[in-house]
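Structure, as structure tokens:
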Amino acid sequence: MNKDFSSNNALLKLISNGIKLWIRSQCKINGDLKLDLTGSLKDLIRGKLEKCELHATNAVYKGLKFKEISLESGQIDMRLNFLNPNTLGKATINENFTVQGKIIMDGEMFARSLKSDQWEWLAIWLSNKLTRLDRLSQINIEGNHLLFKPKDSNDTPKNDLIFSMKSSKGKIILYNENIEEIFPLDEAIKIENATLNGSEIELIGQAKVTI
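Residue numbers (this note's numbering): -3 to 207.
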């Protein structure tokens, strides 16, 4: 076997393990986590990874639950500790980097996340902006539409409201014949396509990962 090829594979495996440790420190992976790395031996020794392809299932990031995540990064600058046996293979990402790809959220998971303290503000935003009422009792995805079931301040159920979803200029737009609102997103995230499919939310876009 070619020595450089063997060394390159060994180093990629070590870096892969290090990146997996870093990913698991950022989010909880309840399903599968697969990484495919690309980089030359020379660049890897210098701490530069050409790209990283990630596929994960049943992941939780900042309290949001994702059914599937498929991402591809640009170049990643990192540092691996080869000297300390206690941190061998642990990756430290040195600079911000970009990723692009697709995420899929189950509608039920999304609705459940909105009930958490961390995302209560988003439930309030959806209520105020889309239903003009104080509370949402339920959110469903039916076909390619979002179905909102609102309640007023007296806990009285009101008429269901139906919204569609699209992307425009990097943003997610929720709309019907009477209302159109831009979904609140971090400025580092740019959405190229947003669709509702059955019981799932599918988003395609890119983001800048800040270290």
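We put the CB at the ideal spot given by N, CA and C, even for glycine.
Asp73 - DSSP class collapsed to helix/strand/coil: In the displayed model, Asp73 falls within a strand according to three-state DSSP.
Cross-strand partners of Ser163 (DSSP beta bridge): Paired residues: Ile168.
Residues near Leu60 by beta carbon distance below 6 angstroms, same chain, minus five either side: The residues are Ser109.
Segment limits, beta strand (DSSP E) that includes Phe106: First-last for Phe106: 103 to 109, but that is the alpha helix (DSSP H), not the beta strand (DSSP E).
C-beta atoms of Gly43 and Asp73 nearer than 8 angstroms: Remark: C-beta atoms of Gly43 and Asp73 approach each other more closely than 8 angstroms.
Neighbour-count burial assignment, Ala184, 16 or more Cβ in a 10 Å radius: Counting C-beta atoms within 10 angstroms of its own C-beta, Ala184 has fewer than 16 neighbours from the protein chains shown and is therefore classed as exposed.
Collapsed DSSP secondary structure at Leu84 in the structure displayed: Its pLDDT being 46, under 50, Leu84 is placed unreliably in this model, and the coordinates cannot settle the point.
Pairwise C-alpha distance: Ser164 and Asp182: The alpha-carbon atoms of Asp182 and Ser164 are separated by roughly 15 angstroms.
Local conformation of Thr127 per DSSP, three classes: Here Thr127 carries a helix assignment [DSSP, helix/strand/coil].
CB of Leu29 within 8 angstroms of CB of Lys16, strictly: Against a cut-off of 8 angstroms, the Cβ pair of Lys16 and Leu29 comes out as a contact.
For Gln114: DSSP bridge partner residues: Gln114 is not bridged to any residue.
In chain order, each alpha helix (DSSP H) run of at least 4 residues that lies wholly inside the stretch 21 to 74: Those alpha helix (DSSP H) runs which fall completely within the stretch 21 to 74 and span 4+ residues are 37 to 41.
Residue range of the beta strand (DSSP E) that includes Asn193: For Asn193, the uninterrupted beta strand (DSSP E) run begins and ends at 185 to 193, by DSSP.
Leu79 (DSSP reduced to helix, strand or coil): Reliability of the predicted coordinates at Leu79 is poor, the pLDDT of 49 falling under 50, and the value obtained from them is presented with this limitation in mind. In the three-state DSSP reduction, Leu79 falls in the coil class, being neither helix nor strand.
Spatial neighbours of Glu64 in its chain, beta-carbon cut-off 6 angstroms, leaving aside the 5 residues before and after: For Glu64, where only same-chain residues beyond five positions count, the Cβ hits under 6 angstroms are Thr53, Ile100.
DSSP beta-bridge partners of Lys145: Per DSSP, Gln134.
For Lys47 and Ser66, believed in contact at Cβ under 8 angstroms, the rounded distance: A Cβ-Cβ separation of about 14 angstroms leaves Ser66 out of contact with Lys47 under the 8 angstroms criterion.
Per-residue burial, Ile135 [other beta carbons within 10 Å of its own, 16 or more giving buried]: Ile135 is buried by the Cβ-count criterion.
Given Val205 as reference, the closest of Lys186, Lys162, Met161 once Cα atoms are compared: For the residues Lys186, Lys162, Met161, the minimum Cα distance to Val205 belongs to Lys186.
Burial state of Pro180 (16 or more Cβ within 10 Å): With fewer than 16 other Cβ atoms within 10 Å, it is exposed.
Rounded C-alpha distance that separates Ser195 from Leu142: Taking the straight line joining both Cα atoms gives about 9 angstroms.
Cβ neighbours of Phe159 in the same chain (closer than 6 angstroms, five flanking residues each side left out): Spatial neighbours of Phe159 in its own chain (CB-CB distance under 6 angstroms, excluding positions within 5 residues in sequence) are listed in chain order as Leu142, Leu170, Asn172.
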